Amino acid sequence: MDTKWKKSKGILSVLFLLIGLTLMAIFGGIGLLGAGSLELGDVADSFRSDYQDTRRFRREISYDLRAMLEFVLTGEETSCFQDENLRWGIWQDEKLLAGNLNGITGNLTGHQEPGYNFYLEYRDGKVQIWKDGAEVDVYGDEVYRDQWEQWELPGYRNLDTELFVGGGWTDSGRGFDLSGITGAATPMATAVPGETGGEEPAADTGEPWDGVTIRLAAAQTPVYFYHSMGLYDVADTLYTMRLAVCIVAGCFLLGVALVVWSLLWRRWMALTFRAAGRLTGKIWLEIKLLLLALLVGPLMVSLSYAYEPIFLAFAIGLCWVMVFYLNDFLCNRGRLCRVSFCGWLAGKLRGDGLDLPLQRRAMRSGVVHLMAVVILALGAAAFDLELFLSAWRSGSIRIWVPFLIGLVGLVLLGIVFLHWKEERAMIEDLGALSDQIEAVRRKQQGTMLAAERPLAGLSQAVADIDSGLQQAVEERLRSERMKVELITNVSHDLKTPLTSILSYAALLEEEELPDHVRDYVTILNDKAQRLKNMVQEVFDVSKAASGNLNLHWEELDLAKLLRQTLADQAEPIAASGLDLRTRLPAEPVLIRADGDRLYRVFQNLIQNVLQYSLEGSRAYLTLETNGESGRVCVQNISREELSREKDFTERFVRGDESRSDGGSGLGLAIAKSFTEACGGTFRLRTDADLFTVEVEFPCVQPSLPEGTESV
Amino acid sequence: MEACVLVVDDDREIVQAIALLLEKEGYRVLRAYNGLEALELACERSVQLILLDVMMPRLDGLSALMKIREKRNLPIIVLSAKSEDSDKILGLSMGADDYVSKPYNPQELLARVRSQLRRYTRLGDVHAEERSGEIVNGRLTYLPEALELRVDGEPVRLTATETRIVDLLMRNLGRIFPAEEIYRRVWDGEEAYASENTVMVHIRHIREKIELNPKEPEYLKVVWGIGYKMEKK
């Protein structure tokens, strides 16, 4: 539910972005185009409630006035004379020359006509205007400027009637017959020939419009009539423009809002784009380019119909698609070329995903074969189709030949593909099988191939070998364990009779005995003691070898341990007559081990040295550290010749075959097994008569040891 | 008065050997060959100490030990062929006062018997004798003011240096001292390279005076690779 909502959020935000951008582009464009042909004032005017408060109205009125003045000069009528929303009259010395005063009583001097709220009076080259009963200040500082709010009317210092009327009057020249024109051209004008004749001298003495009075009245609300022009047109244009501005601005703002919305959801939008990128990333590059060509090609060709709506829709759709192409490019920049048919083919030839050289070679040859078959098949298919068409056209009976050929070809192709699939599976199985064998080699659990796979039999065989091997190892472990148990039990059972022997030997020693019998008893006692030690050592080494040793781990200083051990063994060392040279670092060498066991290790090593060294020779005990590990090296010259073949750490192995010395033969075995139980490595080297033991432990970082700080 | 010791083992020769050993030292010896006999004798007769084998027919040593503990409060030393630490801990936790593994050293066995008996007979007046400032640690008692160490109540003769080492260790039971620190505090700040050897020699001498088996010390122990300590009992 939640993820579904997130998903739809993402899709919605992408849609909003696209639609918003499109709306912004279209209506922004229209707005810009309109701004080229419109002025800001027009847009502002279109929102005024009073149509008379606009420049268009002022232009219209001044145009009307000019038309009337020109009528006075030339007698030409213009369409504005038929405007039913305008009432007007031209008077010469208060005699009506022409006009449209339908429904008006009097001569428009009252400014109180119902339905008309705008009045203009031209007299003596100046204009007065009343609106809603009040006079309007037309001229201001009496200088005309081409400004939005100004009236373009005669009466300014730089705009008199002559300039206002302009070309029309100068072109026609002066001294035309005013009366003739007025009589002929104005059916609704009340012609007063006598008076127009009386006007002529005035034209000679001054301007022709001297004495002319023009009065206008404009309707408060223009109405539609047959020649719907003039003032109605002014009001109607304002309304239309207002609507257009609203629509354009509204759509543009909607686009902006959608874009903003989509940006607010940009987290989900980014997810969607990424998902889209993943999706498109799987499509081969060739397919993408082909699609792009199919889309862009027709557009280029049909550019000449650029204003057809269908073309626009197509272009917009293409833009949307381009967004996804761009997204694809950004998301899959590095992989665009790889995810393509060519890339796929190259990968197959390289043998990507296949680890073994054998697999790669097999794959490569397989792909080459398959390509060859495909190319041949395509050629054959084209030829067969041609054959079929020619047979069809000629109506030949042999039409079944190409048909049969095609059928056989299809079957062959199917077989080839099945074979290819099988070969692929086999190549994959080779990899799996190699993994399985590798797992067996590392003594891990490998995964077997499923029974229906081509190489399942081989896999089964490997699994059988593995299980046999494991069984053998387990058996060996069990027998080893049993051996340890046996030794433990035997050493235990040996102890009881040994206790009696030792006890009675000790009692015998207390008795009064002849000297030779006392010697016998001493021998008995010594040997029984040795037997006791051996039994204990056998027990120890068996436990260590079987991994049953309980260890008390602690952080300790190997150098100090060696010093303590040397101090502990000081008496036997001094008594041996050997020259034991030691070199131990002054700084601590910290390791983690069981101190008691480690003491046994070095005690045994030192005893070994004391017991088997050449009399009076030098022996060496050194500790070296490189920061990562501490290495103890014990070296001595053997008294007996050392045999190369012997493993001295085996139990009961000693340097001399006669076994006449006092050792149990277990010292080195104990040292080795205890060292390894404590996580160290034990190495033994013999070089002629030089006997070397190396014991190495990994160092640990010093932590504050407990109980050793000063009080 | 000679003390009476009960020796229990299924091996008659061993019982005989121990009996001979103890009788020579002047103890009276009672013999038992399985857990049930031991139980009977321990309850009926006036016995001061029991030496008890673990693996016996009819009633094994540890069960017998628990049964005897229910009725009598007397020192019991377990004598067993099992020499593992875990076996020792098990025996001691079942109520044994001491644990000796076979094959035993006759002199060590005698020392342990003597030690246990001395503590047992002393138990009656131990509280009367207790003085303030005494440090008691198992078989050891240290009187810091008199600089006197007693083992099973018997004063031990120590040299001046040994006394100072004992003084340091007994005052800080269980604490591990590196040799350098012991040397610094006992020999008054003289630094010596051979401190380890010097300290070790003295430790060994002290051990011979206080431990029942100096080769397997119970009290004065070396903590290998770290230092020395007096085990807290």
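In the order they appear, the protein sequences are chains A and W. All the letters of the first sequence, read from the start, carry residue numbers 1 to 711 under my numbering. All the letters of the second sequence, read from the start, carry residue numbers 712 to 944 under my numbering. Glycine included, each C-beta is placed from N, C-alpha and C at the ideal position. Quantities reported herein were computed from a predicted structural model and do not represent experimental measurements.
Proximity of residue i and residue j at Cβ, strictly below 8 Å
{"i": "W:LEU851", "j": "W:ILE921", "result": "yes"}
{"i": "A:LEU318", "j": "A:LEU303", "result": "no"}
{"i": "A:ILE573", "j": "A:LEU610", "result": "yes"}
{"i": "A:ILE104", "j": "A:ALA98", "result": "no"}
{"i": "W:ASP771", "j": "W:ILE788", "result": "no"}
{"i": "A:TYR122", "j": "A:VAL234", "result": "no"}
{"i": "A:ALA463", "j": "A:MET448", "result": "yes"}
{"i": "A:THR496", "j": "W:ALA730", "result": "no"}
{"i": "A:LEU558", "j": "A:PHE697", "result": "yes"}
{"i": "A:ASP594", "j": "A:ARG618", "result": "no"}
{"i": "A:VAL490", "j": "A:SER546", "result": "no"}
{"i": "A:GLY446", "j": "A:ALA456", "result": "no"}
With 16 other Cβ atoms within 10 Å as the buried cut-off, status of residue i
{"i": "W:VAL847", "result": "exposed"}
{"i": "A:VAL695", "result": "buried"}
{"i": "A:ARG393", "result": "exposed"}
{"i": "A:TYR612", "result": "buried"}
{"i": "A:SER467", "result": "exposed"}
{"i": "A:GLY10", "result": "buried"}
{"i": "A:SER365", "result": "exposed"}
{"i": "A:ASP141", "result": "exposed"}
{"i": "A:SER79", "result": "exposed"}
{"i": "A:ALA382", "result": "exposed"}
{"i": "W:ILE893", "result": "buried"}
{"i": "A:LYS421", "result": "exposed"}
{"i": "W:ILE761", "result": "buried"}
{"i": "A:ASP568", "result": "buried"}
{"i": "A:ALA44", "result": "exposed"}
{"i": "W:ALA807", "result": "buried"}
{"i": "W:ILE937", "result": "buried"}
{"i": "A:PHE118", "result": "buried"}
Span of the beta strand (DSSP E), counted from its first residue to its last, around residue i
{"i": "A:PHE118", "result": "116-123"}
{"i": "A:GLY99", "result": "95-100"}
{"i": "A:ASN327", "result": "No beta strand (DSSP E) contains A:ASN327, which is instead part of the alpha helix (DSSP H) from 309-331."}
{"i": "A:TYR620", "result": "618-625"}
{"i": "A:THR686", "result": "681-687"}
{"i": "W:GLN727", "result": "That residue, W:GLN727, is in no beta strand (DSSP E); its alpha helix (DSSP H) goes 723-735."}
{"i": "A:LEU558", "result": "First-last for A:LEU558: 558-568, but that is the alpha helix (DSSP H), not the beta strand (DSSP E)."}
Secondary structure of residue i, DSSP reduced to three states
{"i": "W:LYS673", "result": "This structure cannot speak to residue 673 of chain W, because chain W is shown only from 712 to 944."}
{"i": "W:LEU741", "result": "strand"}
{"i": "A:PRO402", "result": "helix"}
{"i": "W:LEU869", "result": "coil"}
{"i": "W:LEU854", "result": "strand"}
{"i": "A:ILE501", "result": "helix"}
{"i": "A:ARG583", "result": "strand"}
{"i": "W:LEU884", "result": "coil"}
{"i": "A:PHE47", "result": "coil"}
{"i": "W:SER812", "result": "strand"}
{"i": "A:PHE176", "result": "With a pLDDT of only 40 at A:PHE176, under the threshold of 50, the placement of this residue in the model should not be trusted; the figure read from the coordinates follows. Coil at A:PHE176, not helix or strand."}
{"i": "A:PRO698", "result": "strand"}
{"i": "A:ASN608", "result": "helix"}
{"i": "A:LYS282", "result": "coil"}
{"i": "A:ILE104", "result": "coil"}
Per DSSP, cross-strand counterpart(s) of residue i
{"i": "W:ASP764", "result": "W:LEU790"}
{"i": "A:GLU438", "result": "Answer is none; A:GLU438 lacks a bridge partner."}
{"i": "A:TRP91", "result": "A:LEU96, A:THR213"}
{"i": "A:VAL159", "result": "Here residue 159 of chain A is Leu; the residue named in the question, Val, does not match the sequence. Paired residues: A:TYR156."}
{"i": "A:TYR239", "result": "Answer is none; A:TYR239 lacks a bridge partner."}
{"i": "A:GLN635", "result": "A:TYR620, A:THR692"}
{"i": "W:LYS932", "result": "W:LYS940"}
{"i": "A:VAL136", "result": "A:ILE129"}
{"i": "A:ARG274", "result": "A:ARG274 is not bridged to any residue."}
{"i": "A:GLU554", "result": "A:ALA593"}
N-terminal and C-terminal residue of the alpha helix (DSSP H) that residue i is part of
{"i": "A:ALA450", "result": "Neither: A:ALA450 is in no alpha helix (DSSP H) and is coded neither H nor E."}
{"i": "A:CYS342", "result": "341-350"}
Worksheet item: Any residues in the stretch 586-602 of chain A with a beta carbon nearer than 7 Å to a beta carbon of chain D? Which ones, in chain order?
Response: Reference to chain D is not applicable here, since the protein chains of this structure are A and W.
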